[in-house]
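Q:
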Amino acid sequence: MADINILDAQAKLSKKGFLDIDLDPTLDLFAEIEKLKKEKNAIILAHYYQEPDIQDVADFIGDSLGLAQKAESTDADMIVFAGVHFMAETAKIINPSKKVVLPDLNAGCSLSDSAPPEKFRAFKEKHPDHIVITYINCSAGMKALSDIICTSSNAQAIVESLPKDQKIIFAPDKNLGAYINKKTERNMVLWNGACMVHEIFSLEKITKLKIRHPKAKFIAHPECEEAVLNLADYIGSTTGLLKYTQQDSAMEYIVATETGILHQMQKSSPQKTFIPAPPSNQCACNECPYMKLNTLEKLYLCMKYEQPEITMDEELRLAARKPIDRMLEISAKLGL
Ligand code: 13P
Ligand code: SF4
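For what it's worth, the numbering used here labels the leading residue of the sequence shown as 434, then goes sequentially.
Encoded structure:
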């Protein structure tokens with residue numbers, strides 16, 4: 434690679450949202466990334482949906498809650514977020530003195546996009562006596578309109594921490610909201626949002642797969658639709674699903690979430706078989722197109738040039754921080 438200066442890197446970045454710089458194909462990216470970690474006192478936080486190479490080079494791999502907790506407690510100078518934009522933004526909100534970089538700014542989230550803050554504000558005004566619990570998969574603007582943030586691993590506990598007669602709006606994921614309504618016997622008002630990856634699973638194909646693999650356990654993320662969840666032996670966050678496969682005695686699992694999680698499942702239980710739940714068409718739609726925008730090359734470049742960097746307006750950051758702090762406090766109290 435011809436070395437370029439920071440200003441040239443910035444110019445390239447502004448057009449594409451990531452650093453599009455040719456790399457010498459013989460470069461050992463794993464070794465270079467390790468060097469950069471030390472040089473810059475950087476930590477790589479990766480979600481389970483990242484490609485295997487990124488998971489293998491990460492310092493911490495987790496679900497949305499684990500990643501937020503790690504981002505809060507780290508003493509690194511730079512947080513390299515191998516995930517999607519709302520996750521990196523959350524890290525910046527809770528730990529603003531750190532430089533937070535994301536390999537590709539285009540790594541968004543269909544669920545987050547399904548809840549534009551200005552539309553949600555109008556919806557909220559129609560339910561004035563309601564508390565707003567918002568899934569962490571949303572923008573800082575949505576967080577600023579919320580009372581408590583939750584993730585898939587603490588949503589039930591957070592709802593249950595409120596009095597039974599408390600009126601609640603749950604946004605933006607209607608599937609997770611409906612699942613929590615059922616588990617907690619509540620009637621939260623649901624925003625009509627969903628994740629494109631978790632809505633694509635085919636009930637018919639899963640049913641056939643279960644017949645072909647009668648001993649396989651079917652495990653699912655709560656962002657899946659109710660009909661899919663009804664078939665599940667276990668429902669949980671990505672960390673929950675991984676732990677279940679580590680502790681359970683079955684030898685085969687059909688997994689209804691983004692396929693990236695299979696890497697850690699296979700690594701920690703090499704003797705077991707993991708089958709990704711099939712989508713309803715022929716595409717690889719059970720892969721998150723946003724998560725998969727990050728590559729090892731982009732990760733290396735963003736560490737080297739320290740961009741794309743997450744920055745935000747301080748007033749918005751402070752407003753978005755309050756409901757995240759409430760989530761972290763409740764989670765810490767409950768040992769989650
Ligand atoms: P968790 O990380 O809470 O399992 O959620 C999955 C997800 O969709 C992240 O975008
Ligand atoms: Fe968003 Fe769904 Fe991708 Fe998660 S899997 S980042 S919820 S689009």
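The beta-carbon is built from N, C-alpha and C at its ideal position, and this holds for glycine as well.
(1) Once you ignore the five residues that flank lysine 643 on each side, which residues in its own chain have a CB closer than 8 Å to its CB?
(2) Of all the options Ile581, Met575 and Glu691, which has the alpha carbon lying nearest to the alpha carbon of proline 631?
(3) Can you confirm whether aspartate 537, when its beta carbon is compared against all beta carbons of chain B, has any partner nearer than 8 Å?
(4) Between which residues of its own chain and glutamine 699 is the CB-CB distance below 7 Å, once the five residues before and five after are set aside?
(5) Just to check my reading of the structure: methionine 724 and isoleucine 582 have Cβ atoms closer than 8 Å, yes? What is that Cβ distance to the nearest angstrom?
(6) Cβ atoms of lysine 607 and isoleucine 564: under 8 Å apart, would you say?
(7) Going by beta-carbon coordinates alone, are valine 533 and alanine 524 separated by less than 8 Å?
(8) Just curious, the beta strand (DSSP E) that lysine 650 is in, first and last residue?
(9) Spell out a yes or no on whether the stretch 673 to 687 and the stretch 588 to 602 are touching, meaning 3 or more CB-CB pairs, one atom from each, closer than 8 Å.
(10) Tell me whether the beta-carbon of lysine 731 lies closer than 8 Å to the beta-carbon of leucine 452.
(11) Whole angstroms is fine: what's the gap from phenylalanine 463's alpha carbon to valine 490's?
(12) Would you identify the three-state DSSP class for proline 596, choosing helix, strand or coil?
(13) Identify which residue in Phe519, Ile763, Lys737 and Thr640 has its Cα closest to the Cα of glutamate 472.
A: To lay it out plainly:
(1) Working through the sequence shown from its first residue, we reach residue 643 at position 210. Counting only Cβ-Cβ distances below 8 Å, and skipping sequence neighbours, we find Ala649, Phe651, Leu664 and Ile687.
(2) Counting from 1 along the sequence shown, the entry for residue 631 is found at position 198. The displayed chain sequence assigns histidine, not proline, to residue 631. If we check each option's Cα against that of histidine 631, Glu691 comes out closest.
(3) Looking at the structure shown, chain B is missing, and only one protein chain is on hand.
(4) Counted from its first residue, the sequence shown places residue 699 at position 266. Phe707, listed in sequence order.
(5) Mapped onto the sequence shown, residue 724 falls at position 291. Mapped onto the sequence shown, residue 582 falls at position 149. Not really, about 20 Å apart at Cβ, beyond 8 Å.
(6) Counting from 1 along the sequence shown, the entry for residue 564 is found at position 131. Counting from 1 along the sequence shown, the entry for residue 607 is found at position 174. The answer is no: Cβ separation not under 8 Å.
(7) Reading the sequence shown from its first residue, position 100 is the one you call residue 533. Reading the sequence shown from its first residue, position 91 is the one you call residue 524. Taking 8 Å as the Cβ cut-off, valine 533 and alanine 524 qualify as a contacting pair.
(8) For the purposes of this step, residue 650 is taken as residue 217 along the sequence shown, with counting starting at 1. DSSP places lysine 650 in the uninterrupted beta strand (DSSP E) bounded by 650 to 653.
(9) no
(10) Here residue 731 refers to the residue found at position 298 when the sequence shown is read from its first residue. Here residue 452 refers to the residue found at position 19 when the sequence shown is read from its first residue. Contact: yes.
(11) What you label residue 463 is simply residue 30 of the sequence shown in a count that begins at 1. What you label residue 490 is simply residue 57 of the sequence shown in a count that begins at 1. Rounded to the nearest angstrom, the two C-alpha atoms are 7 Å apart.
(12) As a first step, residue 596 is located in the sequence shown; it is residue number 163 there, counting from the start. Coil at proline 596, not helix or strand.
(13) Start at 1 with the first residue of the sequence shown, and residue 472 comes out as number 39. It is Lys737 whose Cα lies nearest to the Cα of glutamate 472.
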